[in-house]
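> Just passing along the structure, written as structure tokens.
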Amino acid sequence: MGGSTTRSAPGPRPPTRNRTRAAGRLPSACAPRKGFWSSHTCRRRGVHRPRILESGCAPALTSFPPCPTLASARENMGKAFDSLLAGMIAGRSWEQMGDTESVRQLLRSVYEERYHKAEHHQSRYQVRVNLQKKDEAASYAGFITAENPNSGPYQGTSFVWMPGKDGSIAVLVIGTDGFGADTDILGRPGHARRLRALARIHKGKVWVKPDLLAPASRVPETIIAQWPDQLDAVSKSYGNVIYAAVPVRSPQDAEAVEDLLDLFFSEHGTPLTNPAKGRWEARHSAILGAIFPQVELPQVLELLRDRRFVILEGPPGTGKTRLAYEVARQIGQATRIQFHPARTYEDFVVGLYPKPAAGGLAFEVRTGDFLRANAAAATGEHVLLIDEVNRADLSRVLGEAIVLLEPGERREIELPHLPDGWSDRKVSLAPGLHVLATRNTADRTIARMDLAVRRRFAFLEMWPDRRPVDDEGIPLAKECFDDVLYTFTEFADEEALKLIPGHAYFLDPRPGQGAEERAKRVARRLELELVPLLRDYLSERLAGSASGPIAGLADRIASRLMEERAA
1 MGGSTTRSAP GPRPPTRNRT RAAGRLPSAC APRKGFWSSH TCRRRGVHRP
51 RILESGCAPA LTSFPPCPTL ASARENMGKA FDSLLAGMIA GRSWEQMGDT
101 ESVRQLLRSV YEERYHKAEH HQSRYQVRVN LQKKDEAASY AGFITAENPN
151 SGPYQGTSFV WMPGKDGSIA VLVIGTDGFG ADTDILGRPG HARRLRALAR
201 IHKGKVWVKP DLLAPASRVP ETIIAQWPDQ LDAVSKSYGN VIYAAVPVRS
251 PQDAEAVEDL LDLFFSEHGT PLTNPAKGRW EARHSAILGA IFPQVELPQV
301 LELLRDRRFV ILEGPPGTGK TRLAYEVARQ IGQATRIQFH PARTYEDFVV
351 GLYPKPAAGG LAFEVRTGDF LRANAAAATG EHVLLIDEVN RADLSRVLGE
401 AIVLLEPGER REIELPHLPD GWSDRKVSLA PGLHVLATRN TADRTIARMD
451 LAVRRRFAFL EMWPDRRPVD DEGIPLAKEC FDDVLYTFTE FADEEALKLI
501 PGHAYFLDPR PGQGAEERAK RVARRLELEL VPLLRDYLSE RLAGSASGPI
551 AGLADRIASR LMEERAA
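Last residue of the sequence shown? That's 567 in the UniProt record's numbering, and every number before it is there in order.
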């Protein structure tokens, strides 16, 4: 983006010169500083000046602190943002269209009422204003990074709004001169992950590009059709560099605009100030909740009674087995089994077993766990609970019984053998039988589940939960848990994210033993369970591109444990 020209943008180009930038980059070994997940991690002092400039710290992520509600925080916002929002809603009919200096001053005021005023923060940005009254112009105004020229094409990410008829779009966009020093931000999975979480929070109102680093990919026409009119020049010139956008037509769009604006500055390491800080902390909790949604007992019970066959899947330590056992207790009747590589069709469905006989050796037909649970469900609800279902080859274990796993219809199969005491080899599932299984997504030693099997189950993903760690209140556990959440959220791709250790690794393994030695028991668990798990991921080459950050994570936790012992 740049200038006042409406030329067709060629898309981001690789940087033509080397640029360095301290902010937005992690220190050695990707180590967040102590308190990294607080909303104000930079401690350096600076001179307050009314200029849009900033520098300094690695991007801050908030964990799950007690926060004011978004609604209460919104009521206390400053006037500058409200004026900016009014201009976005007015679009091309805004009275300040074409008044460059007035708009520039308004954007400076927006910065000053929301973000840290220290010079080393303000000096990181510049305001770019190119608002023209001509309908054919691709007008925009907003914030870009300071290392760019004052006009013309620029590099890196920016927050801008683009006015149309009776409204605007607020966007995150890459300069047409390339990714520049923001390649690290755009390339981190965490940036895209937070944007997609915002899209879910706003129920699709915020559009996010599937691949932020794909310059050939343009905003889809179906998305452009939802924008205000008279934005044809914008979509033509910048449709391939816009990577997040929200249409702005009314005051109800304020939160979505604030979210993109605050995310832009947060990703560049700029702390927010109150009252905007409180609003952003509350929003960050919602973002993390959208990245790691929590599964509750009523949700599982409802799904199990609707779909009958459900798998709880997730990384180790996320409480899958505990929740499955609680579901079984709620229903009242259950058969609990553990799968392992030696599980067979014969011990799960039906099989021949030798037995002593007068003439030597005879065979009896025994029903397996599946048929026994089915028989128990003849008189009411019954749960067949299978722990670690992916530890066995489920297709081979089920055999032809896979046909029975259809929640919407009653089917029948004929068994290969007539079980002792049965009068017929035909069998169908009792209406009261439910199958609830758990699956460890970090276990790559077993082949992926057969697609025919997957189709018959509903899946619920389980993720780490901060609440039980907060409830125990062990500072070391909370600090290490924050570090784990940050590292995996920020650097792990979708496959590596499935390895993230759950909250159980940060809890007292013997809670009934009293609180006096709880901190020591938690420290031992971190040392003997968590750190070896992380190192196993590395030795097994499971972490992919996140191997470096996860190695740094393991080293930081080990070092922190040494500090605790020495204290």
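Cβ atoms here follow ideal geometry from the backbone N, Cα and C, with glycine treated the same way.
#1: Given a cut-off of 8 Å, decide if Arg411 and Val403 are closer than it, judged by their beta-carbon atoms.
#2: Where Val206 and Ala199 are concerned, what is the direct C-alpha to C-alpha distance, given to the nearest angstrom?
#3: With a threshold of 8 Å, are at least 3 pairs of Cβ atoms found where one atom belongs to the stretch 314 to 333 and the other to the stretch 235 to 242?
#4: What residue does the beta strand (DSSP E) around Ile144 start on, and which one ends it?
#5: Starting from the C-beta of Ala546, find all residues in its chain whose C-beta is less than 6 Å away, skip the five residues before and the five after it, and write them out in chain order.
#6: Please check the pair Ala197 and Ile287, which I expect to be a contact at CB under 8 Å, by giving their CB distance rounded to whole angstroms.
#7: Report all residues from its chain with a CB closer than 7 Å to the CB of Ala90; omit the five preceding and five following residues, and keep chain order.
#8: From the DSSP output, read off the bridge partner residues of Met162.
#9: Are there three or more Cβ pairs, one per stretch, closer than 8 Å when the stretch 477 to 485 is compared with the stretch 427 to 441?
#10: From Glu147 to Gln252, what does the alpha carbon distance come to, in whole angstroms?
#11: Assuming Lys79 is part of the beta strand (DSSP E), what are its boundary residues?
#12: Quick one: residues in its chain with C-beta nearer than 6 Å to the C-beta of Val300, no 5 flanking neighbours on either side, listed in chain order?
#13: Starting from Phe309, follow the beta strand (DSSP E) in both directions and report where the run begins and ends.
#14: I'd like the ranges of any beta strand (DSSP E) spanning at least 3 consecutive residues and lying wholly in the stretch 498 to 528.
#15: Can you find the residues in the same chain that come closer than 8 Å, C-beta to C-beta, to Pro356, ignoring five residues on each side of it along the sequence?
#16: When we look at the beta-carbon of Leu451 and count the other beta-carbons within 10 Å, is it buried (16 or more) or exposed?
#17: With a threshold of 8 Å between beta-carbons, can Ala358 be considered close to chain D, or not?
#18: How would you label Asn374, buried or exposed, when you count the other beta carbons within 10 angstroms and need 16 or more for buried?
#19: Rounded C-beta distance between Pro549 and Thr487? I'm assuming under 8 Å.
#20: To which residues does DSSP link Glu364 through a beta bridge?
#21: Looking at the strands, I want to know which residues DSSP matches up with Leu385.
#22: Tell me, to the nearest whole angstrom, how far the beta carbon of Pro228 is from that of Gly164; I am working on the premise that it is less than 8 Å.
#23: Which residue spans inside the stretch 161 to 228 form an unbroken beta strand (DSSP E) run of at least 3?
#24: Take the Cβ of Thr222 as the centre, count every other Cβ of all protein chains shown within 10 Å, and call the residue buried at 16 or more, exposed below.
#25: Among Glu479, Arg366, Arg425, which residue has its Cα nearest to the Cα of Ala523?
#26: Across which residues does DSSP place Ala458 in a beta bridge pair?
#27: With a floor of 4 residues, list each alpha helix (DSSP H) that falls wholly inside the stretch 237 to 311, ordered by position along the chain.
#28: Got a sec? Which residues, its chain only, sit under 8 Å from His417 by beta carbon, not counting five neighbours each side?
#29: Determine the contact status of His503 and Val531, defining contact as a CB-CB distance below 8 Å.
#30: Nearest to Gly167 by CA position, among Leu231, Thr145, Leu312, is which residue?
#31: Comparing C-alpha positions only, which one of Leu561, Glu529, Leu534 sits nearest to Gly552?
#32: From the DSSP output, read off the bridge partner residues of Ile474.
#33: Please report the Cβ distance between Glu400 and Ile413, rounded to the nearest whole angstrom; I am assuming they are in contact, meaning their Cβ atoms lie under 8 Å.
#34: What would DSSP say about Gln105, mapped onto helix, strand or coil?
#35: Assuming Arg521 contacts Asp508 (C-beta within less than 8 Å), just tell me the rounded distance between them.
#36: Go ahead and label Gln513 buried or exposed: buried means 16 or more other beta carbons lie within 10 angstroms of its beta carbon, across all protein chains shown.
Looking at the atomic coordinates:
#1: yes
#2: 5 Å
#3: no
#4: 140 to 145
#5: Phe491, Ala492, Ala496
#6: The pair is a contact, with the Cβ atoms about 4 Å apart (cut-off 8 Å).
#7: none
#8: Ile169
#9: no
#10: 34 Å
#11: No beta strand (DSSP E) contains Lys79, which is instead part of the alpha helix (DSSP H) from 79 to 90.
#12: Val327
#13: 309 to 314
#14: none
#15: Closer than 8 Å at the Cβ level, and outside the excluded window around Pro356, lie Ala362.
#16: exposed
#17: Structure shown: chain D not included; a single protein chain is present.
#18: buried
#19: 5 Å
#20: When DSSP reads this structure, Glu364 sits in a beta bridge with Tyr353.
#21: Arg336, Leu436
#22: 4 Å
#23: Correct list: 167 to 174.
#24: exposed
#25: Glu479
#26: Val310
#27: 254 to 267, 276 to 291, 297 to 307
#28: Cβ neighbours of His417 beyond the five flanking positions: Val350, Gly351, Leu352, Val365, Arg425.
#29: no
#30: Leu231
#31: The candidate whose alpha carbon is nearest that of Gly552 is Leu534.
#32: DSSP, once it has assigned bridges, lists no residue as partnering Ile474.
#33: 5 Å
#34: helix
#35: By a beta-carbon distance limit of 8 Å, Arg521 contacts Asp508. Their separation comes to about 5 Å.
#36: exposed
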